[in-house]
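Quick notes on the structure that follows.
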Amino acid sequence: MAVDPRNTSRRCPACGHTAKENRPTQDKFHCQVCGHAAHADTVGALNVLRAGLARREATPA
């Protein structure tokens with residue numbers, strides 16, 4: 000299932016804050032609002048997974 004990958008590695012999986020400042024380097028993620036820190040690839044993968052699950056559960060219009 001395809002999901003929109005835009006900002007998936009910039010969106011905090013803990014609080015939802017999205018900003019380019021959350022990605023200080025290629026491999027690091029650090030949320031500017033809640034302080035959540037993780038590897039940027041892990042954050043992106045988690046957000047893609049959540050988007051896919053939400054899309055799967057959505058009812059067609």
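Heads up, the sequence shown is in numbering that gives the first Met the number 0, so the first residue is 0 and it goes up one at a time.
Beta carbons are placed, not taken as given, at the ideal position from N, Cα and C, and that holds for glycine.
Since we're looking at a predicted model, the values are computed, not measured.
Cβ-based neighbour list, residue i, same chain, cut-off 8 Å, excluding 5 preceding and 5 following
i          : result
residue 31 : 16, 18, 20 and 21
residue 23 : 29
Close beta carbons around residue i, own chain, < 7 Å, minus the five adjacent residues each side
i         : result
residue 2 : 47, 50, 51 and 54
Simplified DSSP state of residue i, which is helix, strand or coil
i          : result
residue 41 : helix
residue 36 : strand
residue 9  : coil
Whether residue i touches residue j by CB criterion (7 Å)
i          : j          : result
residue 35 : residue 57 : no
residue 39 : residue 28 : yes
Environment of residue i [buried if 16+ CB atoms lie within 10 Å]
i          : result
residue 33 : exposed
residue 7  : buried
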